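Numbering (the numbering used here), first residue to last: 31 to 349.
Have a look at the structure below, then the notes.
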């Protein structure tokens with residue numbers, strides 16, 4: 031077994047920047063709380079398509095689409111990823127505009143540990159005792175919150191699982207970040223236009239209704255949607271998926287702070303117990319990853335290392 035390869039710095043920087051942007055997004059979307067959630071999502075899709083496809087056409091002409099879809103199976107994977115990301119956007123926008131930023135942040139705290147489970151169930155990765163402990167403690171936190179609310183925290187769970195599977199698909203799909211996002215946007219473009227056309231027919235459309243500020247925010251939202259998704263897709267293909275899971279708690283931390291400190295949402299003692307379990311689980315998982323990263327180069331020098339250390343060891347095999 032060879033030593034663990036160095037982390038791709040550009041991929042790491044892109045992933046971190048994406049999570050910071052996602053972390054402060056509630057402060058942007060709350061400015062559009064007077065706009066129906068489905069219309070916000072439709073505008074995100076449309077303007078994201080305009081910006082990203084326009085950029086690709088200017089840079090590469092029309093050949094980018096054929097090149098992106100040249101590998102077998104890419105089109106089917108991107109159809110699935112487009113459905114997942116649109117569902118994720120829908121739940122998230124609804125949560126932000128209905129005063130549930132704290133619960134949305136919980137979803138992204140859970141998400142790194144969902145990535146771990148996906149690694150086990152889908153990528154056939156193996157977990158050590160510390161990683162199983164982290165998953166178990168997180169499950170206790172989710173069950174506690176469900177018990178306190180009387181039902182599962184469905185917003186958090188929907189966000190966690192939809193984005194985890196989206197990340198998995200974008201990792202295995204053999205397509206670059208920007209063309210992949212452009213194709214996802216094009217897949218969703220016609221449904222988005224149809225929804226806005228329906229809203230216009232009903233007289234409930236918020237765009238071009240005289241509120242120039244809202245119109246500008248809806249358009250810029252497309253560009254802001256594209257930037258972190260491009261960064262995430264770029265980073266996810268260049269760093270271990272387990273590291274993606276660790277970095278992902280940057281965004282929910284910022285979201286939680288924004289929800290409580292800036293948007294005035296409540297954060298009760300019972301919530302603190304549930305969140306505390308999630309944070310403990312993340313600390314266990316991060317500490318274990320740091321410990322293994324320090325030990326692995328030395329262990330790799332031993333001749334029998336290949337028999338003792340799993341090939342993936344919590345991360346997808348490098349491509």
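We put the beta carbon where it would ideally sit given N, CA and C, even for glycine.
Note that this is a predicted model, so its numbers are computed, not measured.
Euclidean distance between Cα positions of residue i and residue j
i           : j           : result
residue 111 : residue 175 : 29 Å
residue 340 : residue 103 : Because the pLDDT at residue 340 is just 31, under 50, the model does not fix this residue reliably, and the point stays unresolved.
residue 239 : residue 220 : 22 Å
residue 255 : residue 312 : 27 Å
residue 98  : residue 43  : 24 Å
residue 52  : residue 233 : 32 Å
residue 205 : residue 89  : 17 Å
residue 290 : residue 57  : 12 Å
residue 84  : residue 39  : 28 Å
residue 76  : residue 82  : 10 Å
residue 178 : residue 188 : 18 Å
residue 225 : residue 235 : 10 Å
residue 125 : residue 186 : 9 Å
residue 253 : residue 241 : 20 Å
residue 296 : residue 161 : 31 Å
residue 288 : residue 54  : 7 Å
residue 322 : residue 41  : 21 Å
residue 143 : residue 164 : 8 Å
residue 264 : residue 147 : 22 Å
residue 113 : residue 247 : 24 Å
residue 245 : residue 106 : 33 Å
residue 286 : residue 182 : 19 Å
residue 193 : residue 278 : 11 Å
Residue i, DSSP secondary structure in three states
i           : result
residue 55  : helix
residue 234 : coil
residue 103 : coil
residue 204 : coil
residue 297 : coil
residue 65  : coil
residue 118 : helix
residue 269 : coil
residue 285 : helix
residue 278 : coil
residue 155 : coil
residue 145 : helix
residue 306 : helix
residue 92  : coil
residue 245 : helix
residue 73  : helix
residue 328 : Here the model assigns residue 328 a pLDDT of 49, short of 50, so the residue's position is not dependable and the matter cannot be decided.
residue 129 : coil
residue 319 : helix
residue 171 : helix
residue 240 : coil
Residue i burial status per 10 Å Cβ neighbour count (16 or more: buried)
i           : result
residue 141 : buried
residue 166 : exposed
residue 127 : buried
residue 328 : Residue placement at residue 328 is flagged as unreliable, the pLDDT there being 49, under the threshold of 50; a coordinate-derived value is accordingly withheld.
residue 292 : exposed
residue 59  : buried
residue 217 : buried
residue 118 : buried
residue 306 : exposed
residue 405 : It is not possible to answer for residue 405, since the shown part of the chain is limited to 31 through 349.
residue 267 : buried
residue 100 : exposed
residue 79  : buried
residue 62  : buried
residue 302 : exposed
residue 304 : buried
residue 149 : buried
Presumed contact (8 Å Cβ cut-off) between residue i and residue j, rounded CB distance
i           : j           : result
residue 152 : residue 198 : 7 Å
residue 158 : residue 318 : 7 Å
residue 269 : residue 45  : 6 Å
residue 284 : residue 50  : 7 Å
residue 282 : residue 138 : 4 Å
residue 115 : residue 196 : 5 Å
heavy atom of the ligand SAH below 8 Å from residue i C-beta
i          : result
residue 72 : The ligand content of the structure shown is nil, which means the ligand SAH is not present either.
| Validate contact between the stretch 256-275 and the stretch 89-98 using beta carbons, cut 8 Å, 3 pairs | no
| Can you find at least 3 beta carbon pairs, one from the stretch 57-74 and one from the stretch 223-238, that sit closer than 8 Å? | yes
| query | Using 8 Å as the threshold, is the stretch 204-214 in touch with the stretch 128-140, meaning 3 or more CB pairs across them? | reply | no
| said: Three or more C-beta pairs under 8 Å: does that hold for the stretch 154-171 against the stretch 301-315? | reply: yes
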